[in-house]
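Count along the sequence shown from 1, then add 3; that gives the number in my numbering.
Where a beta carbon is used, it is the ideal one built from N, C-alpha and C, also for glycine.
Just so we're clear, the structure is a prediction, and the values are computed from it rather than from any experiment.
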Amino acid sequence: MTSKPMLIAISAEQADRLYWLGRYVERVFSTVRIFNQSLDRMIDQDGEDYVAFCKRLSIPSDIYRDAADFEVKYLFDATNPDSIYSNLSRAYDNAIVLRNFITTETMAFIQLALDRLEQGSIAESAFLETQRVSDLLLAFWGSVDDRVVDVERRDLLKVGKYSERLDLMIRLNCQEYAIDELLIRMLSHTRRVEPLLNREILQELRSMKEPALESNRAHLLHLINALH
């Protein structure tokens, strides 16, 4: 697979912000979905299930008193660096700097999602608020496709997005075919922005044989997180 020449100039700092904006938005979207799927089990069936949830995502669990404390702090605690709120705040910080490139309309969806999380901490149903956050983040990606004119900037956002999703799928031990398909999808967005990525890592990702095999997953996870 040969790279395509970049048609616009993107600084290293801007590339970093685009990549991490994509990652943080996807991190919030995917972990909210996983959280909601696990919520009943965490609260009703097994009070310690949140410990397994944290272990799968490689985040600490001993900072929470119990499942109820986890539900509140993991979603809404601004002082917890692993919380949904903190990750969405990081996405917003990057979006603010990039607003002239991604448009203020696109940025606004992250602001609205952050507002929903702030309201969610006092709402009766955390589940309903996180569903609204998910809907707003889907709208963010629709706005990216509709309003971000430069394909290279869209590609960097999506390299970040799919890198984060791959990271989570590997940690959650998803099926081989799903990981293989998503890796191909992520790599399809690298050709135009190859100069802004780690080319050595990128080449290894492109040449891996059966990357989703159980024996290859730890190395694949390392490569994904070393790409940028």
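Between residue i and residue j, how many whole angstroms is the CB-CB distance? I'm expecting something under 8 Å.
i	j	result
I204	L226	5 Å
L232	S86	Since the first residue shown for the chain is 4 and the last is 231, residue 232 is missing from the structure and cannot be characterised.
R209	L190	6 Å
F56	S41	6 Å
Would you tell me roughly how many angstroms separate the C-alpha atoms of residue i and residue j, rounded to the nearest one?
i	j	result
M172	Q178	8 Å
M211	Q122	45 Å
D80	L120	10 Å
E184	W144	20 Å
D148	T106	11 Å
E250	A15	This structure does not reach residue 250, given that the chain is present from 4 up to 231, and the question cannot be answered.
S218	L224	12 Å
Y53	Q134	20 Å
I113	L91	8 Å
L230	P198	11 Å
A129	K76	12 Å
A111	L21	16 Å
D19	V28	14 Å
V196	S146	21 Å
E127	L115	19 Å
I13	R188	22 Å
Evaluate residue i with the Cβ neighbour count: other Cβ atoms within 10 Å of its Cβ, from every protein chain shown; 16 or more gives buried, anything less gives exposed.
i	result
E132	buried
D170	buried
E213	exposed
T82	exposed
H222	exposed
K161	buried
E108	exposed
I125	exposed
R202	exposed
L285	Absent from the structure is residue 285, since the part of the chain shown begins at 4 and ends at 231.
A181	exposed
A215	buried
Going by beta carbon distance, what residues of the same chain come within less than 8 Å of residue i, once the five residues before and after it are set aside?
i	result
R26	G163, K164, S166 and E167
L200	V162, T193, L230 and H231
T151	For clarity, residue 151 is Val in the given sequence; the question names Thr instead. F104, I105, T106, T109, R157 and L160, listed in sequence order.
F38	F56, Y77, L78, I87 and T133
Tell me which residues share the same chain as residue i and place their Cβ nearer than 6 Å to its Cβ, disregarding the 5 neighbours each side in the sequence.
i	result
I62	D85
H192	D158, K161 and V162
L117	L91 and Y95
F73	Y53 and Y67
V31	I87, N90 and L91
Q17	none
Short of 7 Å in beta carbon distance, which residues of its chain neighbour residue i, apart from the five on each side in sequence? Order them along the chain.
i	result
L24	A94, N97, A98, L101, L160 and G163
R59	R174 and L175
R36	S137
A142	F112
N228	D170
Determine whether the Cβ of residue i lies closer than 8 Å to any Cβ atom of chain D.
i	result
K164	In the structure shown, chain D does not exist; there is a single protein chain.
Q: Say whether the segment 66-73 touches the segment 155-165, bearing in mind that this needs 3 or more beta-carbon pairs closer than 8 Å, one atom from each stretch.
A: no
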